[in-house]
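K.L.:
Protein chains: 2
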Amino acid sequence: MTASNDQDAALRIASGRKPFVEPLRLGERLKEIRLANEWTLGDVSERTGLARSTLSKIENDQISPTFTAVQKLISGLDIDLPQLLTQPRTKTRTMGRRDLTRRGEGQQHPTPTYEHELLSCELAQKRMIPFKTIVRARRFEEFSEWVRHDGEEFLMILEGEIQLFSEFYEPLHLARGDSIYFDSDMGHALVSVGEEDAVVLSVCTPRDGH
Amino acid sequence: MTASNDQDAALRIASGRKPFVEPLRLGERLKEIRLANEWTLGDVSERTGLARSTLSKIENDQISPTFTAVQKLISGLDIDLPQLLTQPRTKTRTMGRRDLTRRGEGQQHPTPTYEHELLSCELAQKRMIPFKTIVRARRFEEFSEWVRHDGEEFLMILEGEIQLFSEFYEPLHLARGDSIYFDSDMGHALVSVGEEDAVVLSVCTPRDGH
DNA sequence: AAACCCAGTTTCCGATAGTGAATTCCGATG
DNA sequence: CATCGGAATTCACTATCGGAAACTGGGTTT
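Residue numbers (my numbering), protein chains in the order written: chain A, 1 to 210; chain B, 1001 to 1210.
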């Protein structure tokens, strides 16, 4: 859960991930979008400033458009690149995944300071990672270093009281029902301050952000 | 909160959103990535199969690379397009945003069936939207149609008991502490079934997913 | 200082993307 | 069936991209 602090981390590339080029039927996608809007090549030509002939060739994979052409497309049709490159969500990954976690039946993940219980861990490819945490730590000193991970985190106190330490702010006292949202690459650490150990519901964004 | 059911919705384009082309300093980005990895143009040439000269020209915006060239880049350097097009997060938007919401002090948003309380609504550009909901509905019939919105949703029962109706599953009974994660474009509806009105913590992914 | 090396740039030319005009395609109409 | 009209494709030409090689600038060696 502790991530590298290196400034260039986001730029440097981990070697060797996916060896092959994705097929990327760009022309096909363009045609889908055009037809879905009931546009003719002429319409699209007006909107984008690209010639009808060019558009036709792109749709039929007869040429590989220049990047400027792609820009004209995305700005003219008012779409963004992801939309052009990937199948529309509704086709590929829609529809009704579901993952129930009954109270206390998440996947336990104990550490010295926190006892995490991962919720909804049956589901892969989530855009949020929810878990319930019992905060065992009683003193800030029990943390060897800041907890830190890319993305954003939301948490709400379910039971007890905590002190939220963070890198750029004064410690904050949070009681049951209080909630907070923060950029989780800012160092943070939770400490129980009530009678019993505090219980916290957290939701994080996943590693890469999408 | 109720979204269109239209199959083509994801393809059809809402007219006029951002009128201008984003600058998209592609060459600049490429150079950043190359330097961050301490690669020479020769190195990148070997990895991607593009000539040194070509790479130089791309970096200096002297040519607009063909889309096939871009593909060679992303596969050779093992990055993905979003990475090539957008500044790395760590530079642009990092660092320590925070938004505290004390119990009961979120932004109220009542509907006939639900009473929503938006949490952390000071913060724009979130990747998650948390809110607490009091479920007033007592019968499924009180919903005129399915609640439905793009993205994913996580929810946990804080108080009371609910029945979760959903488009593709049998109704599910959820008690305090139970949680569920689901694709929220699947129609869904919550009904209180306990003595008191149920209270639910929900977190949704935002509109576009990024 | 001349010779050399290395990374990056520029030049030149063949290949190919982009354009307007001409052609083909196809459903609707008389 | 001929033909008309709009839409898509093909054609012929120009602009531009992509690659090999020559050039430039800075540092090191002899």
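Cβ coordinates follow ideal geometry from the N, Cα and C atoms, glycine included.
Pull up the distance between the alpha-carbon of Trp1039/B and that of Phe143/A, whole angstroms please.
P.N.:
When rounded, the distance between both Cα atoms is 38 Å.
K.L.:
Val1203/B to Arg127/A, Cα distance in whole Å?
P.N.:
If you take the alpha carbons of Val1203/B and Arg127/A, they lie about 11 Å apart.
K.L.:
Do we get a CB-CB distance below 9 Å when we pair Gly42/A with the residues of chain B?
P.N.:
With 9 Å as the cut-off, Gly42/A does not count as an interface residue toward chain B.
K.L.:
Would you mind sorting Arg29/A into buried or exposed? The rule is 16 or more other CB atoms within 10 Å of its CB.
P.N.:
Its Cβ being crowded by 16 or more others within 10 Å, Arg29/A is buried.
K.L.:
Can the beta-carbon of Thr136/A be found closer than 9 Å to that of Glu115/A?
P.N.:
Correcting the residue identity first, residue 136/A is Arg in this sequence and not Thr. Taking 9 Å as the Cβ cut-off, Arg136/A and Glu115/A qualify as a contacting pair.
K.L.:
Does the contact criterion of 3 or more C-beta pairs under 8 Å hold for the region 144-156 of chain A versus the region 1184-1195 of chain B?
P.N.:
No, they do not touch.
K.L.:
Between Met1186/B and the ligand ZN, is there a pair consisting of the residue's CB and a ligand heavy atom that are separated by less than 8 Å?
P.N.:
This structure simply doesn't include the ligand ZN, nor any ligand for that matter.
K.L.:
Quick one: grab the DSSP three-state call for Gln125/A.
P.N.:
Coil.
K.L.:
Can you tell me where the beta strand (DSSP E) with Val1203/B in it begins and where it stops?
P.N.:
Segment 1198-1204, the beta strand (DSSP E) holding Val1203/B.
K.L.:
If you draw a straight line from the C-alpha of Val200/A to the C-alpha of Lys132/A, how long is it?
P.N.:
One C-alpha to the other measures close to 6 Å.
K.L.:
Taking contact to mean at least 3 C-beta pairs separated by less than 8 Å, is the region 1044-1053 of chain B in contact with the region 1062-1080 of chain B?
P.N.:
Yes, they touch.
K.L.:
By Cβ distance, which residues of its chain are closer than 7 Å to Leu118/A, with the 5 residues on each side in sequence left out?
P.N.:
Cβ neighbours of Leu118/A beyond the five flanking positions: Gly106, Gln107, His109, Phe131.
K.L.:
Verify whether the separation of the beta carbon atoms of Glu122/A and Asp150/A is less than 9 Å.
P.N.:
No, the pair does not count as a contact, with Cβ atoms beyond the cut-off.
K.L.:
When the distance is taken between beta carbons, is Arg1097/B closer than 9 Å to Phe182/A?
P.N.:
In contact: Phe182/A and Arg1097/B (Cβ atoms closer than 9 Å).
K.L.:
Can you check which of these residues, Ser184/A, Ile129/A, Asp197/A, Glu141/A, is closest to Ile162/A by C-alpha distance?
P.N.:
Closest by alpha carbon: Asp197/A.
K.L.:
Please compile the residues from chain A whose C-beta is within a distance smaller than 7 Å of the C-beta of Thr1169/B.
P.N.:
For the sequence presented, residue 1169/B should be read as Tyr rather than Thr. Neighbours of Tyr1169/B on chain A, chain order: Arg98.
K.L.:
Between Glu195/A, Gln71/A, Lys31/A, Glu141/A, which has its C-alpha nearest Phe165/A's C-alpha?
P.N.:
For the residues Glu195/A, Gln71/A, Lys31/A, Glu141/A, the minimum Cα distance to Phe165/A belongs to Glu141/A.
K.L.:
Are the C-beta atoms of Tyr181/A and some chain B residue less than 9 Å apart?
P.N.:
With 9 Å as the cut-off, Tyr181/A counts as an interface residue toward chain B.
K.L.:
Going along chain B in order, which residues have a C-beta closer than 8 Å to the C-beta of Val70/A?
P.N.:
The contacting residues are Phe1067.
K.L.:
Taking 9 Å as the CB-CB limit, is Phe143/A close to chain B?
P.N.:
No, no contact with chain B.
K.L.:
Note down the Cα distance separating Lys72/A from Leu35/A, rounded to an integer number of angstroms.
P.N.:
If I take the Cα positions, the gap works out to 18 Å.
K.L.:
Could you check where the alpha helix (DSSP H) with Ala1036/B kicks off and where it finishes?
P.N.:
Counting along the chain, the alpha helix (DSSP H) containing Ala1036/B begins and ends at 1026-1036.
K.L.:
Since I believe Ser120/A is in contact with Phe1154/B (beta carbons under 8 Å), could you give me their beta-carbon distance rounded to a whole number of angstroms?
P.N.:
Yes, they are in contact, since the Cβ atoms of Phe1154/B and Ser120/A sit about 7 Å apart, within 8 Å.
K.L.:
Check Leu73/A in the structure and name its three-state DSSP category.
P.N.:
It is helical.
K.L.:
Quick one: what's got a C-beta closer than 7 Å to Gly42/A's C-beta in the same chain, skipping five residues either side?
P.N.:
Correct list, in chain order: Arg52.
K.L.:
Return the first residue and the last residue of the beta strand (DSSP E) that Ile157/A is part of.
P.N.:
Counting along the chain, the beta strand (DSSP E) containing Ile157/A begins and ends at 152-159.
K.L.:
Asp178/A touches chain B at which residues, Cβ-Cβ below 8 Å?
P.N.:
Those within 8 Å of Asp178/A in chain B are Leu1100, Thr1101, Arg1102, Arg1103.
K.L.:
Hey, could you find the ends of the alpha helix (DSSP H) Asp1043/B is sitting in?
P.N.:
Its alpha helix (DSSP H) spans residues 1041-1048.
K.L.:
At least one CB of chain A closer than 9 Å to the CB of Ala1189/B: is that the case?
P.N.:
No, no contact with chain A.
K.L.:
Using a cut-off of 8 Å between C-beta atoms, extract the partners of Thr1205/B located in chain A.
P.N.:
Those within 8 Å of Thr1205/B in chain A are Arg127, Met128.
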